[in-house]
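According to UniProt numbering, the stretch in the sequence shown is residues 1 to 664, in order.
Where is the CB? At the ideal position from N, CA and C, for every residue including glycine.
Reviewing the structure listed below.
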Amino acid sequence: MIFFLFHLRLRIYFDNNVFLEFICQNVKIQEVVTNLTHTLHPAPYPFTPIDNSSHFIQSHPSLSLLDFYYKTLKYGGRIFCRFFLFSSMISRFGYRDYCALLQTLLAKKSLSTGKKLHGRLLISGFGFHTILATKLVTLYSTCNSLDNAHKLFDRIPKENIYLWNVLIRGYAWHGPHEMAIKLYYEMINHGILPDSFTFPFMLKACSALSAIDTGKEVHELAVRTGWEKDVFVGAGIVDMYAKCGCVADARDVFDRMSERDVVVWNTMIGAYTHNGRPLEAIDLLKDMVLDGFSPTVATLVTVISASADSATLLNGRVIHGFSVRRGYESDDKVKTALVDMYSKSGWVAIARRLFEKLTVKRVVSWNAMINGYAMHGHAGEALNLFYRMEENMVVPDNITFVGVLSACSSGRLLEDGRRFFNLLTRPTIQHYTCMIHLLGHSGRLDQAYDLINQMPMQPDSGVWGSLLNACKIHRKVELGEVALQKLIELEPDDAGNYVLLANIYAQAGKWEEAAKLRNQMVDLGLKKTIACSWIDVKNTVHAFVVGDTSHPQSNEIYSELDRIEGLMAEAGYVADTMPVFHDVDDDEKKNMVRSHSERLAVAYGLISTPPETKLLITKNLRVCEDCHAAIKLISRISNREIIVRDVNRYHNFRNGECSCKDYW
């Protein structure tokens with residue numbers, strides 16, 4: 001009974017398996033066997049002593065301690081064996097033994113056992129031994145037990161930079177990130193300069209906080225200490241500038257690096273991608289290959305995503321071809337990125353073929369295809385794919401339901417949308433935005449407003465923007481004013497919201513209110529963002545603004561507009577000039593509308609590409625009503641498929657119809 005109680009007490013301190021593994025690494029099994037035979041003989045259980053322990057060990061060369069432990073149970077009782085293993089060995093523990101055990105716990109990330117061992121160290125007098133305490137701080141920090149790590153850190157000498165790095169890393173990884181920065185400055189004040197490990201941890205913390213000023217200070221110290229040239233430190237600096245939106249600074253550091261690896265190239269390519277500069281990302285991939293580096297799957301996925309966000313499909317198809325030649329296309333991650341790219345570019349048939357070739361269809365793959373159908377107005381295909389996803393026992397996530405609800409909105413499937421929305425146990429704000437859009441699309445603006453008031457979270461600008469847009473479509477002036485007031489609180493500097501309500505006033509013939517609102521914009525110093533549209537022709541991006549005459553082929557572009565407008569007039573087209581100021585004469589209104597940036601981009605595409613070529617145009621603002629109606633007609637007259645991606649959605653114009661069903 002005494003042995004049993006002692007065994008229970010020992011288990012307070014140790015996890016058996018870890019403890020046995022430690023003994024296996026640090027104690028001679030021969031010695032254990034010899035002591036065991038002498039200790040347990042004679043025993044109250046059937047027992048055959050091992051007379052020659054050396055012979056026993058030599059005859060079992062692959063014997064692990066666990067094997068040995070269970071083999072000894074053949075010869076002696078369980079309680080006696082465990083008592084021996086724990087009681088005889090614990091008394092022999094010294095500094096090196098505890099070091100080895102802590103290293104094992106660290107490798108296993110065994111926090112609970114580490115805490116028990118910490119208690120044992122305090123009892124045995126090793127609690128504040130610098131090296132052992134450093135290992136404990138490392139264990140606590142790695143396992144995100146930062147309170148314990150910091151308490152122990154505060155009670156031991158701090159002359160070792162490794163100790164500082166461990167705690168800075170813990171806060172940089174797990175937060176609060178401000179503590180990493182605070183420790184960094186404490187370390188410098190303590191007379192210890194950062195090394196090649198400190199800088200990446202600190203830069204990660206600065207990135208998480210978008211603390212560009214602190215990041216620049218860290219960068220300056222890295223330059224002064226010579227660590228900027230280190231490939232890992234350099235990659236961290238590039239990443240920090242990129243995540244703080246300073247792409248030019250990131251590129252400057254990248255260009256100065258004498259040594260670059262794949263990680264650095266990936267970081268810089270990602271910097272362009274995440275800051276809305278996809279063409280530079282694609283160009284940098286080409287430079288990467290020319291520099292002798294083989295891109296990783298992560299690189300290709302990043303660049304393919306950049307191609308999906310660019311104004312052209314050509315670069316994406318080039319990357320696709322590269323993936324095939326290098327054997328990357330068989331990778332499901334690359335193939336999923338290609339599905340997303342082709343879906344966003346309007347080539348949903350190609351996207352679907354790639355989707356069907358996926359060996360393993362993960363939820364992200366289903367999401368890419370469902371959202372691709374939804375954004376181009378193929379509501380039926382999106383929902384059918386969702387049902388097939390369920391049949392394949394793939395559990396949908398929040399992004400899946402964003403796609404499904406978007407599909408219901410584009411197809412005006414109100415009841416289906418309600419049913420899917422009610423399936424959600426905890427709808428996100430994106431789901432509410434989709435539902436507001438669906439109700440607005442269906443003309444249920446009062447219900448949309450009621451749903452906003454019932455939201456468990458604070459409505460954001462996306463929610464109120466959807467309601468304001470619905471008010472414009474359905475000419476609901478009073479509710480539009482409510483939505484604008486909420487948007488002003490959330491986005492006081494966004495002139496687009498004022499312009500949208502001014503257009504609602506203009507549609508209702510309330511010119512005085514529209515003028516007051518525009519005067520209010522002037523008083524607040526708000527200026528409408530200049531509309532710009534892009535089209536890629538022969539791998540060159542051409543940009544147009546309203547009334548643009550700077551293009552080398554400007555005369556041909558306006559001549560094409562004249563030709564097309566003549567054909568449109570024959571088809572019954574009448575320009576919608578309602579949003580234009582009422583004090584402008586009719587001819588000037590028509591001229592202002594016809595020279596909108598998206599119309600100029602379409603005209604240039606018509607004169608610069610072979611017949612029946614699909615045109616892909618990107619605009620930084622919402623497509624106006626008149627241009628939307630005009631491009632529908634142009635798609636029919638020219639027998640072209642024209643895709644316009646504006647700030648709200650994709651418009652797939654074909655045969656005089658648009659995928660948005662005239663609601664955007």
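Reduced DSSP secondary structure (H/G/I, E/B, other) of residue i
| i | result |
| --- | --- |
| Arg120 | helix |
| Glu391 | helix |
| Thr540 | strand |
| Ser345 | coil |
| Phe232 | helix |
| Cys244 | coil |
| His376 | coil |
| Tyr650 | strand |
| Lys619 | strand |
| Cys658 | strand |
| residue 665 | Any property of residue 665 remains undetermined from this structure, which presents the chain solely from 1 to 664. |
| Ile643 | strand |
| Val545 | strand |
| Phe197 | coil |
| Pro278 | helix |
| Leu524 | coil |
| Ser461 | helix |
| Cys471 | helix |
| Gln454 | helix |
| Trp664 | coil |
Cβ neighbour criterion (16 or more within 10 Å) applied to residue i
| i | result |
| --- | --- |
| Lys527 | exposed |
| residue 666 | Residue 666 lies beyond the range of the chain shown here (1 to 664); nothing can be said about it. |
| Ser345 | buried |
| residue 708 | Beyond the ends of the chain as shown, which are 1 and 664, falls residue 708; an answer cannot be given. |
| Ser330 | exposed |
| His190 | exposed |
| Tyr618 | Inspection of the sequence shows that residue 618 is occupied by Thr rather than by Tyr. Label assigned to Thr618: buried. |
| Arg649 | buried |
| Pro200 | buried |
| Arg362 | exposed |
| Pro492 | exposed |
| residue 714 | This structure does not reach residue 714, given that the chain is present from 1 up to 664, and the question cannot be answered. |
| Asn555 | exposed |
| Glu598 | buried |
| Asn539 | exposed |
Reference residue i, options the options, closest by Cα
| i | options | result |
| --- | --- | --- |
| Ser559 | Ile607, Glu570, Thr299 | Ile607 |
| Ala571 | Lys516, Leu633, Val297, Trp173 | Leu633 |
| Thr267 | Asp239, Ser533, Asp287 | Asp239 |
| residue 689 | His150, Tyr449, His378 | Residue numbering for the chain in the displayed model covers 1 to 664; residue 689 lies beyond these limits and cannot be assessed. |
| Asp389 | Arg412, Glu415, His177, Val360 | Reading off the sequence shown, one finds Met at residue 389, where the question assumed Asp. When only C-alpha atoms are compared, the closest one is Val360. |
| Asn144 | Ser110, Phe128, Thr130, Tyr162 | Ser110 |
| Val537 | Ile131, Lys135, Lys614, His118 | Lys614 |
| Cys246 | Leu600, Tyr162, Gly292, Gly270 | Gly270 |
| Thr214 | Leu193, Ile181, Met187, Phe201 | Ile181 |
| Ile161 | Leu193, Ile131, Met375 | Leu193 |
| residue 668 | Ser554, Ile282, Ala601 | Because the chain here runs from 1 to 664, residue 668 falls outside it and cannot be looked at. |
| Ala107 | Asp97, Lys135, Gly119, Lys116 | Lys135 |
| Tyr663 | Ala208, Ser442, Ile535, Leu524 | Ser442 |
Nonlocal neighbours in the same chain, by C-beta distance under 8 Å from residue i, ignoring five residues either side
| i | result |
| --- | --- |
| Ser196 | Trp227, Asp230, Phe232, Val233 |
| Phe420 | Phe401, Val404, Leu405, Cys408 |
| Val334 | Val297, Leu300, Val301, Ile304, Ser323, Tyr328 |
| Ile564 | Ala603, Leu606, Ile634, Ile637, Ser638 |
| Leu385 | Trp366, Met369, Ile370, Tyr373 |
Residue i versus residue j: straight-line alpha-carbon distance, rounded
| i | j | result |
| --- | --- | --- |
| Gly77 | Leu203 | In this predicted model, Gly77 has a pLDDT of only 40, less than 50, meaning its place in the structure is not dependable; the value taken from the coordinates is given anyway. Going by the C-alpha atoms only, they are around 58 Å apart. |
| Gly343 | Met369 | The sequence shown places Ser at residue 343, rather than the Gly named in the question. Distance between the alpha carbons of Ser343 and Met369 is about 7 Å. |
| Asn519 | Phe653 | 36 Å |
| Glu159 | His129 | 13 Å |
| Asp548 | Cys624 | 17 Å |
| Thr113 | Leu616 | 60 Å |
| Phe355 | Val339 | 6 Å |
| Arg353 | Arg224 | 54 Å |
| Pro427 | Pro459 | 13 Å |
| Asp287 | Ala337 | 21 Å |
| Leu445 | Lys486 | 16 Å |
| Ile429 | Val463 | 8 Å |
Nonlocal neighbours in the same chain, by C-beta distance under 6 Å from residue i, ignoring five residues either side
| i | result |
| --- | --- |
| Leu438 | Cys408, Ser409, Gly417 |
| Gly316 | Ser307, Met341 |
| Gly411 | Ala379 |
| Arg435 | The sequence given here places Met at residue 435; Arg does not occur at that position. Counting only Cβ-Cβ distances below 6 Å, and skipping sequence neighbours, we find Phe421. |
| Arg645 | Thr618 |
Sequence-distant residues of the same chain with beta carbon closer than 7 Å to residue i, five excluded per side
| i | result |
| --- | --- |
| Leu167 | Val137, Ser141, Ala149, His150, Phe153, Leu183 |
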